[in-house]
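Trainee:
In the working numbering, the protein residues as written are 438 to 784.
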């Protein structure tokens, strides 16, 4: 693999290179993740348009605003939601473009115009949908300028996206699991065997199967962590109406539950430990049943790799469901896809 890449590079040199930097980016409904050779970012993928009077003062010393196409935005604010949605229309939205461009800009240096090769993923259901893929490429390709505004200065970041590669999301983790930072195979023998990656995201459950060094199949279901959060909100609303749980949006509730099962709303603090335990088990059971409903011959897989934020969130419950020594929870599961995208684009 590395040799092939070097041969390709020999055909181009210096300024003749088509791109100067590769960025793997995962513009997910919950968090935006991006990875390149010298940096990575992870933050809540929320977008808020603001006007001139939108911010008078911030107690956060690292507060930033972003200007793109003459509009001003904040990102990462838990009180608002991102472009959201599970349908393919998400990739046509203006918000999706803004989220992606700001995310890319965060990994670039002001004053240095990079030519970028972007590698990203879509849910497995859309991996062969040429309309979705072409629209996503159209959204990202071209020259973009973002102004990053802090209280002290304004940095202008201009970059040219010259190439976009779109793959099924779980392929990123599969590549990250198989390839090291030098582009060499970590376990060449495993490439010839059957491996399945199960990617549990905010809105989707995606699967990819490796067999004989090729990705043979991908599958997808429209379930994910957002369904777990929604089920908790509904249950708490029925059992503890005094909590006014719908006063927290999905991002706010998810963020609080990642810290503690005691959550705070404007009406006080509420212990949700028993409710959370029930719904984690229900979610893991649903994921397991969806995977098993595909009728795959699990006895043939040498590795069952779980990835995505949901893999970390439901790790204990998923291990209880699968009861399988071949099960691997991918290290750094939240960022593994975009790291794999980067490796795929580089090598």
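Beta carbons: idealized from backbone N, C-alpha and C, even for Gly.
Report back the beta-carbon spacing between residue 605 and residue 540 to the nearest angstrom; my notes put them in contact at under 8 Å.
Mentor: About 20 Å; that fails the 8 Å criterion.
Trainee: Quick one: is residue 649 buried, meaning 16 or more other Cβ sit within 10 Å of its Cβ, or exposed?
Mentor: With fewer than 16 Cβ atoms within 10 Å of its Cβ, residue 649 is classed as exposed.
Trainee: Tell me whether residue 461 sits in a helix, a strand or coil according to DSSP, three-state version.
Mentor: In this structure, residue 461 counts as strand in the three-state DSSP scheme.
Trainee: As a quick exercise: from 672, 696 and 680, pick the residue whose alpha carbon is nearest that of residue 715.
Mentor: Ranking 672, 696 and 680 by Cα distance to residue 715 puts 672 first.
Trainee: May I have the straight-line CA-CA distance separating residue 510 from residue 487, to the nearest angstrom?
Mentor: C-alpha separation (whole angstroms): 6 Å.
Trainee: Would you call the CB atoms of residue 473 and residue 458 closer than 8 Å?
Mentor: In this structure, residue 458 lies closer than 8 Å to residue 473 by Cβ.
Trainee: Let me check understanding here. Comparing Cα to Cα, which of 507, 455, 512 and 508 lies closest to residue 470?
Mentor: Per the Cα distances, 512.
Trainee: Does DSSP put residue 449 in a helix, a strand or coil?
Mentor: Per-residue confidence for residue 449 stands at a pLDDT of 39, beneath the threshold of 50, marking its modelled position as unreliable; the derived number appears in the next sentence. Correct three-state label for residue 449: coil.
Trainee: Do you know how far the Cα of residue 598 is from the Cα of residue 757?
Mentor: Their backbone Cα atoms lie some 44 Å apart in a straight line.
Trainee: Quick check: what's the CA-CA separation for residue 623 versus residue 634?
Mentor: Going from the Cα of residue 623 to the Cα of residue 634 covers about 17 Å.
Trainee: Indicate whether the contact test is met: 3 or more Cβ pairs, each with one atom in the segment 629–644 and one in the segment 557–573, closer than 8 Å.
Mentor: The segment 629–644 vs the segment 557–573: in contact.
Trainee: Between residue 658 and residue 727, is the Cβ-Cβ spacing less than 8 Å?
Mentor: A contact, by the Cβ cut-off of 8 Å.
Trainee: Taking all protein chains shown into account, do 16 or more other C-beta atoms lie within 10 angstroms of the C-beta of residue 729, making it buried, or fewer, making it exposed?
Mentor: Residue 729 is exposed by the Cβ-count criterion.
Trainee: Taking residue 644 and residue 655 to be in contact with their CB atoms under 8 Å, please state how far apart those CB atoms are, rounded to whole angstroms.
Mentor: Yes, residue 644 and residue 655 are in contact; Cβ-Cβ is about 7 Å, under 8 Å.
Trainee: Taking its Cβ as the centre, do 16 or more other Cβ atoms sit within 10 Å of residue 625, making it buried, or is it exposed?
Mentor: Result: exposed.
Trainee: Here's a check: name, in chain order, each residue in its chain whose Cβ is nearer than 7 Å to the Cβ of residue 535, leaving out the five neighbours to either side.
Mentor: Excluding sequence neighbours, residue 535 sits near 484, 505 and 510.
Trainee: Between 783, 515 and 629, which has its C-alpha nearest residue 684's C-alpha?
Mentor: Nearest option by C-alpha distance: 515.
Trainee: Does residue 476 pass the burial test, meaning 16 or more other C-beta atoms within 10 Å, or should it be called exposed?
Mentor: It is exposed - the Cβ of residue 476 has fewer than 16 other Cβ atoms within 10 Å.
Trainee: Near residue 670, what residues of its chain come up, given a Cβ to Cβ distance below 7 Å and the 5 sequence neighbours on each side ignored?
Mentor: Answer for residue 670: 682, 683 and 690, listed in chain order.
Trainee: Measuring CA to CA, which of 665, 759, 533 and 592 is closest to residue 577?
Mentor: For the residues 665, 759, 533 and 592, the minimum Cα distance to residue 577 belongs to 533.
Trainee: Measuring alpha carbon to alpha carbon, tell me which of 771, 552 and 717 ends up nearest residue 481.
Mentor: Checking every option, the nearest Cα to that of residue 481 belongs to 771.
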